[in-house]
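Below: one structure, written as structure tokens.
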Amino acid sequence: MKRLLITGAAGNLGIEMRARLQDMADTLRLADIGAIDAAGPNEEIHQCDLGDAAAVDAMVEGCDGIVHLGGQSTEASWATIRHANFDGVYNLYEACRKHACNRVVFASSNHAIGFYRQDQVIDNSVYPRPDGLYGVSKVFGEMMASVYHDKFGIETASLRIGSSFPEPRNHRMLSTWLSFDDLAQLIRRIFDVPRLGCPVIYGASANTATFWDNSRTAWIGWSPRDNAEAFRAKIDATMEKPAADAPDVVYQGGGFTADGIHQE
């Protein structure tokens, strides 16, 4: 690619993908509402509020592909989530349409299906069961990807990311963990395939204790290599297992399922 845009570039995943995807394009355009570290030799910096349509239009112009990691990344009030994750996603896809940017990686979330139980293994054909306003916003993003694909041919992979950290932090994450290297390899495969369409893919490493079945998207050619099981002994030794009826044990979305609706 000539120019790859990474939104949310100042966030945890944005920083990690910035380092791992350098060779994917002649230029990396890095965007965030907050401050970003100084540009490297093949980088451009854009400060952008996703809720500002004109700013998003300028951010997308000239880009061949987008890794959309930006937006509100946890549960919050309706006003906050609406601005970044509803208006922001609409603004992004409208800019893609106007500027013929036709391939997107959309960072969806396991919280789009958080009310499925952990004793179920689900694939990407299940009906969404979001566990909060944040999860609802990710379902909305997946549907925006779908309509802009069907109407305008913009191809998107919606990644229902589990828990992407240097290592899993608790027992639930032994099932949901996604290593940074596995995420980077998935993004590479999404941009490598000649025809993408609009698939939903679960973003989790090759964890032994998994909730998710990616067999319907095996054609992408992604084979995650890491396994959270390597951290089980450490987690067992450093924290107690939660009670059998705790949200972190019952539901795939964990504690998000027990939260109320956040007010201002």
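Just so we're aligned, residue 0 is where the sequence shown starts under numbering that gives the first Met the number 0, counting upward by one. Ideal Cβ placement from N, Cα and C applies to all residues, glycine included.
Classification of residue i by the beta-carbon crowding that lies within 10 angstroms, buried from 16 upward
i	result
Tyr92	buried
Trp221	buried
Ile260	exposed
Asp247	buried
Gln262	exposed
Met172	buried
Glu239	exposed
Asp181	buried
Ser124	exposed
Arg17	buried
Ala24	buried
Contact set for residue i: own chain, Cβ-Cβ below 7 Å, skip 5 residues either direction
i	result
Ile44	Leu29, Ile35, Ala38
Thr207	Asn226, Glu228
Leu177	Ile160, Gly161, Ser162, Ser163, Gly202, Ala203, Ser204
Pro127	Ala111, Ile112, Val138
Gly77	Position check: residue 77 holds Trp in this sequence, whereas Gly was assumed. The residues are Leu132.
Span of the beta strand (DSSP E), counted from its first residue to its last, around residue i
i	result
Thr155	154-160
Gln46	42-46
Ile35	Neither: Ile35 is in no beta strand (DSSP E) and is coded neither H nor E.
Gly202	199-202
Alpha carbon of residue i to alpha carbon of residue j, nearest angstrom
i	j	result
Arg102	Ala229	34 Å
Glu74	Asn84	11 Å
Ala227	Phe210	13 Å
Arg194	Asp86	28 Å
Ser162	Asn109	8 Å
Asp191	Glu154	13 Å
Cys310	Gly69	Beyond the ends of the chain as shown, which are 0 and 263, falls residue 310; an answer cannot be given.
Gly131	Gly50	21 Å
Ile200	Thr216	7 Å
Ala111	Lys1	33 Å
Pro79	Gly134	Here residue 79 turns out to be Thr, not Pro, going by the sequence shown. Whole-angstrom Cα-Cα distance: 13 Å.
Ala257	Pro241	14 Å
Ala205	Glu166	13 Å
Thr237	Val59	45 Å
Asp56	Ser214	36 Å
Cys100	Asn41	20 Å
Asp118	Asn169	17 Å
Ala52	Gly64	18 Å
Gln71	Phe179	20 Å
Ser136	Asp244	27 Å
Pro235	Ser107	Inspection of the sequence shows that residue 235 is occupied by Asp rather than by Pro. Using only the alpha carbons, I get a separation of about 29 Å.
Cys62	Gly7	16 Å
Asn90	Arg81	12 Å
His254	Trp218	One detail in the question is off: residue 254 reads as Gly in this sequence, not His. The alpha-carbon atoms of Gly254 and Trp218 are separated by roughly 33 Å.
First and last residue of the uninterrupted alpha helix (DSSP H) at residue i
i	result
Ser107	No alpha helix (DSSP H) contains Ser107, which is instead part of the beta strand (DSSP E) from 102-108.
Ala236	231-237
Gln21	Looking at the DSSP string, Gln21 is not in any alpha helix (DSSP H), and its letter there is neither H nor E.
Tyr133	132-151
Thr175	172-175
Gly87	87-98
Phe164	Unbroken run through Phe164: none, as it is neither H nor E.
Gln262	First-last for Gln262: undefined, no H or E at that position.
Thr79	77-80
Phe179	179-191
Asp56	52-59
CB contact below 8 Å: residue i versus chain B
i	result
Ser163	In the structure shown, chain B cannot be found, because there is only a single protein chain.
Neighbourhood of residue i by C-beta, 8 Å cutoff - its chain only, sequence neighbours within 5 removed
i	result
Leu20	Leu3, Ile5, Leu27, Val66, Ala183, Ile186, Arg187
Phe116	The sequence as given places Arg at residue 116; Phe does not occur at that position. Closer than 8 Å at the Cβ level, and outside the excluded window around Arg116, lie Val249, Tyr250, Gln251.
Per DSSP, cross-strand counterpart(s) of residue i
i	result
Thr6	Ala30, His67
Ile121	Trp211
Arg116	Tyr250
Sequence-distant residues of its chain with Cβ nearer than 6 Å to residue i (five each side left out)
i	result
Ile189	Val104, Ala156
Ala9	Asp31, Gly33, Ile35
Asp212	Val120, Asp122
Val88	Gly140, Met143
Cys197	Ala144, Ser145, His148, Thr155
Ala94	Val55, Asp56, Val59
Phe151	Arg96
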